[in-house]
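First comes the structure, then the notes that go with it.
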Amino acid sequence: MASYNLSSSSSTSVSSSSSSSLHYWLEEYWQEVGDPRVAHLPFMTSSAPAITLLLLYAAFITAVGPRLMSTRAPFSLKTPMILYNLLMSLANGYFFVQILRLHFISAEAPPFNARFPSLQDSSPSTRSIIRLHYLYILSKFVDLLDTVFFVLRKKRSQITALHFYHHLSVPVQGWTYFRLCGSDHLSASFGLWNSLVHTIMYAYYGLSATGNPAFLGGLRRAKPYITQLQIVQFVGLISFALYFIANNVGYPAYFTLNLLLQSALYIVLFTRFYLQSYSYSSNEQGKRIK
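Going by numbering that gives the first Met the number 0, 111 is the number at position 112 of the sequence shown; the sequence numbering is gapless.
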């Protein structure tokens with residue numbers, strides 16, 4: 000009996016220790032190293048909600064969704080897709096204009112400022128930047144609906160490894176950047192390029208979803224240029240990252256090196272996708288990738 004109690008006590012201790020460690024990395028760690036100005040915001044107190052949502056997304060896309068749809072006819076979703084793409088195009092247009100205004104035009108936030116912002120700065124202009132960044136990060140989780148629509152419409156061929164990786168990595172990195180600093184200028188460079196590209200892309204896919212023949216010819220011709228714009232986006236981001244590395248004042252290495260490496264990886268992936276999708280010898284044209 001004594002031996003049993005000892006074993007039970009040891010097991011309970013290990014379980015308690017594991018639970019405590021998990022809680023630390025999910026919540027307490029971010030309270031220690033993160034930006035106190037954003038700690039109170041919904042979805043930012045702990046990393047658990049974001050991780051849970053992304054795990055559910057991955058499970059639905061790779062297993063649950065295809066299994067549910069295996070014996071069902073594909074959904075049309077024409078009206079929801081038109082509305083979704085229209086609203087997301089408008090939202091990204093708003094983000095583009097506001098990021099440009101607050102980070103690149105406003106005298107209080109000079110462009111190409113490579114000094115890491117103070118986490119104690121709560122001025123009105125900085126609060127406006129934090130609110131904008133917060134809404135932008137939340138929109139990256141809304142982007143996950145793109146892939147959900149593919150599953151429900153049984154368009155599995157359009158869920159490429161690039162699409163899946165991109166839709167998972169952007170929310171993860173966006174959440175991390177924002178939680179560490181809600182007002183940094185470096186991640187704003189990504190938001191500026193990304194929101195511009197998505198404004199155009201969501202408009203494109205909204206028009207495509209109408210099925211109107213008046214749009215389809217022009218849209219087919221526009222496909223390659225959208226992917227080219229995505230490649231240009233990451234070339235621009237590499238330039239931003241190199242500038243910040245050369246002029247860095249206080250930015251943690253993660254901010255600059257991650258942007259540099261991720262942008263280089265995406266140039267390779269999108270260039271490969273472009274050559275496979277739009278070369279004259281390709282049999283399959285224009286899969287949707289964002």
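Using N, Cα and C, we set each Cβ at its ideal position, and we do this for glycine too.
- In this structure, the beta-carbon distance from Y204 to M80 falls below 9 Å.
- Pairing T51 with S45, the inter-Cα distance amounts to about 11 Å.
- Per DSSP, V234 is one residue of the alpha helix (DSSP H) stretching across P212 to N246.
- Straight-line spacing of the CA atoms in S69 and E27 works out to 42 Å.
- In the structure shown, R71 falls within a coil segment according to DSSP collapsed to helix, strand and coil.
- With a beta-carbon spacing of about 7 Å, Q232 and N193 fall inside the 8 Å limit used to define contacts.
- Within the model, the alpha-carbon separation for L89 versus I136 is close to 16 Å.
- Nearest C-alpha to Y164 among L54, S122, F94 and H184: L54.
- A Cβ-Cβ separation of about 21 Å leaves F272 out of contact with T198 under the 8 Å criterion.
- Judged by their CB atoms, M43 and F177 are nearer to each other than the 9 Å cut-off.
- Around the beta carbon of P123, a 10 Å sphere encloses fewer than 16 other beta carbons of the protein chains shown; the residue is thus reported as exposed.
- Just measuring C-alpha positions, the residue of L85, N112, T125 and S75 sitting nearest Q97 is T125.
- For R271, the three-state secondary structure derived from DSSP is helix.
- In the three-state scheme derived from DSSP, where H, G and I count as helix and E and B as strand, R114 is classed as strand.
- Between the region 216–223 and the region 242–261 there are fewer than three C-beta pairs closer than 8 Å, too few to call the two in contact.
- Of the residues A58, L25 and K77, the one whose Cα lies closest to the Cα of N211 is K77.
- Counted as a single uninterrupted DSSP element, the alpha helix (DSSP H) harbouring A160 occupies residues A160 to L179.
- About 28 Å separates the beta carbon of I266 from that of V150, a gap too long to meet the 8 Å contact definition.
- Using a Cβ distance threshold of 9 Å, P170 and D145 do not count as a contacting pair.
- By the C-beta density criterion, W24 is exposed, having fewer than 16 other C-beta atoms within 10 angstroms.
- Setting aside the 5 residues that flank it on each side, P251 is surrounded in the same chain by F115 and L179, each with a C-beta closer than 8 Å to its C-beta; the list follows chain order.
- Secondary structure of P65 (DSSP, three-state): helix.
- Nearest to H39 by alpha-carbon distance, out of A62, I129, Q261 and N91, is I129.
- Rounded to whole angstroms, L101 and P65 show a C-alpha spacing of 43 Å.
- Between L118 and D34, the gap from beta carbon to beta carbon is short of 9 Å.
- Counting along the chain, M80 sits inside the alpha helix (DSSP H) bounded by residues K77 to I98.
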